[in-house]
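In this note's numbering, the protein residues as written are 3 to 499. From the three backbone atoms N, C-alpha and C, an ideal C-beta is built for every residue, glycine too.
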């Protein structure tokens with residue numbers, strides 16, 4: 003029974019739903035999956051769309067029916083979307099206007115029906131009866147199937163269970179303090195991603211209010227935070243960069259907010275950006291959270307530690323244990339780098355139709371996604387880099403993220419991406435792609451001198467390339483594969499010439 007059925011639960015750019023309306027429509031959509039689409043418990047569908055109220059209604063309606071939706075990034079190419087739908091064995095595809103045109107005539111291997119959210123969902127819902135008997139759905143059944151970004155290979159379907167999502171929401175309510183029935187949350191990140199889905203869904207789960215944005219506009223975000231009494235927001239580092247590129251006049255105009263929590267996740271938050279956030283929004287709001295689609299939220303650095311624990315992602319999340327293991331499989335000592343494993347109630351079920359990758363991710367019930375980390379003497383966690391991004395130069399392991407953190411401290415460098423490139427003498431050497439504030443005055447020798455004052459010489463890049471922006475996926479993660487391809491193309495062109 004709803005405590006306050008007339009309360010507005012959610013709004014987007016087109017309208018709003020009260021809790022009564024939202025529950026009524028979700029139940030009808032559940033009925034549609036069962037009686038009209040005839041999808042049994044355990045079957046799959048897919049959704050390719052930008053953020054909207056209808057997106058969440060379809061996800062929740064499907065989950066009540068025991069149907070797991072593959073939540074596909076709409077920024078992918080038509081070929082990539084088709085391949086994921088087929089990989090997921092999706093029988094029904096939901097899409098919006100922006101994507102319907104390019105998908106309606108595709109030859110899918112499994113999709114039997116495409117439903118357009120804008121014009122077809124409403125008539126479909128209106129002629130359905132509300133479900134009266136819900137099918138039995140187990141806590142370990144699959145809730146959604148977000149697909150990995152493919153930064154290190156072919157995208158994989160991550161089987162996220164109902165148990166994982168529900169317990170994650172309770173952990174978030176304890177940790178962040180912005181998910182009560184009285185809270186108001188601004189959801190910006192794409193719902194197709196694990197973090198975008200869970201940070202927005204938590205508000206509805208606890209009876210609060212959520213406002214969805216379907217595209218990021220920095221001034222609009224500040225305006226909403228200022229005028230709409232938002233108490234919580236989740237943003238990735240690129241969102242913060244966009245905000246702080248606004249003029250001082252705009253920033254001053256929206257400085258006052260009712261925020262209680264700002265959550266950052268999905269990509270490393272540079273220390274300089276943290277300091278900007280704290281200076282602008284206040285010193286008691288920022289959380290930096292580390293996690294993955296597979297492991298859920300793993301750790302969090304609370305507001306009190308943001309400035310005294312540099313480049314740190316905090317302590318283990320609620321009900322989570324962390325283990326750092328060296329190449330021999332032994333537990334690492336303090337400040338020793340090792341592969342990060344975690345165990346918690348939030349872990350995924352495995353990868354869809356990919357037992358080999360599932361076996362590689364799990365070790366005796368613990369999960370790793372290949373991140374290298376260290377712990378200090380107080381137990382605080384520091385992500386060093388991805389195992390697959392490690393560079394071996396002259397037989398020595400170098401972690402590019404450490405180098406990127408140092409380069410990012412130089413006042414001329416806005417952000418940096420470091421990769422390994424082939425070297426006849428050393429095997430690999432470091433190359434840095436840098437986004438700078440003033441291209442005309444860029445002097446690599448000065449940057450090298452600065453880096454050598456903070457790093458061992460063998461960790462300092464000798465090759466630099468100025469780039470307008472680093473390639474990122476929708477979650478803000480730098481696509482190192484794109485940087486490597488760019489470098490290889492340049493090498494091949496040099497050989498030809």
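Excluding its 5 nearest sequence neighbours in each direction, residue 484 has C-beta neighbours in its own chain below 8 Å: 473, listed in chain order.
Contact annotation: residue 375 and residue 342 have beta-carbon atoms nearer than 8 Å. By the Cβ-count criterion, residue 64 is buried, with 16 or more other Cβ atoms from all chains shown falling within 10 Å of its own Cβ. Nearest to residue 272 by C-alpha distance, out of 238, 107, 253, 248, is 238. Within the stretch 355-433, the alpha helix (DSSP H) runs of at least 4 residues that lie entirely inside it are, in chain order, 357-363, 402-409. Listed as beta-bridge partners of residue 10 by DSSP are 20. Beta-bridge partners of residue 247 (DSSP): none assigned. Assignment of beta strand (DSSP E) within the stretch 137-212, counting only whole runs of 3 or more residues, yields 144-148, 186-189 in chain order.
Boundaries for residue 104: no beta strand (DSSP E) harbours it, while the alpha helix (DSSP H) harbouring it runs 99-105, taken from the DSSP string. Residue 452: member of the alpha helix (DSSP H) spanning 446-454, first to last residue.
For residue 465, the enclosing beta strand (DSSP E) starts and ends at 465-468. Residue 19 and residue 391 have their C-alpha atoms spaced approximately 45 Å apart. Cβ atoms of residue 336 and residue 377 come within 8 Å of each other, at about 6 Å. The Cβ atoms of residue 95 and residue 50 lie closer than 8 Å to each other.
By the 16-neighbour rule on beta-carbons within 10 angstroms, residue 34 is buried. In this structure, the straight-line span from the alpha carbon of residue 191 to that of residue 422 is close to 31 Å. Closest in alpha carbon position to residue 356, among 160, 482, 116, is 160. For secondary structure counted as the alpha helix (DSSP H) over 4 or more consecutive residues, the stretch 220-271 holds these complete runs in sequence order: 220-229, 239-246, 250-255. Within the same chain, Cβ atoms closer than 7 Å to the Cβ of residue 183 are found at 208, 209, 210, the five residues on either side in sequence being excluded. Using a Cβ distance threshold of 8 Å, residue 72 and residue 46 count as a contacting pair.
In this chain, the alpha helix (DSSP H) harbouring residue 85 covers 80-89.
When the Cα atoms are used, residue 488 and residue 223 turn out to be separated by approximately 33 Å.
Burial check for residue 167: the Cβ neighbour count within 10 Å reaches 16 or more, so the residue is buried. In this structure, the straight-line span from the alpha carbon of residue 353 to that of residue 82 is close to 18 Å. For the pair residue 213 and residue 188, the CB atoms are nearer than the 8 Å cut-off.
With a beta-carbon spacing of about 5 Å, residue 185 and residue 233 fall inside the 8 Å limit used to define contacts. Bounds of the beta strand (DSSP E) holding residue 291 are 288-294. 169 is the residue among 66, 413, 309, 169 whose C-alpha sits nearest the C-alpha of residue 349.
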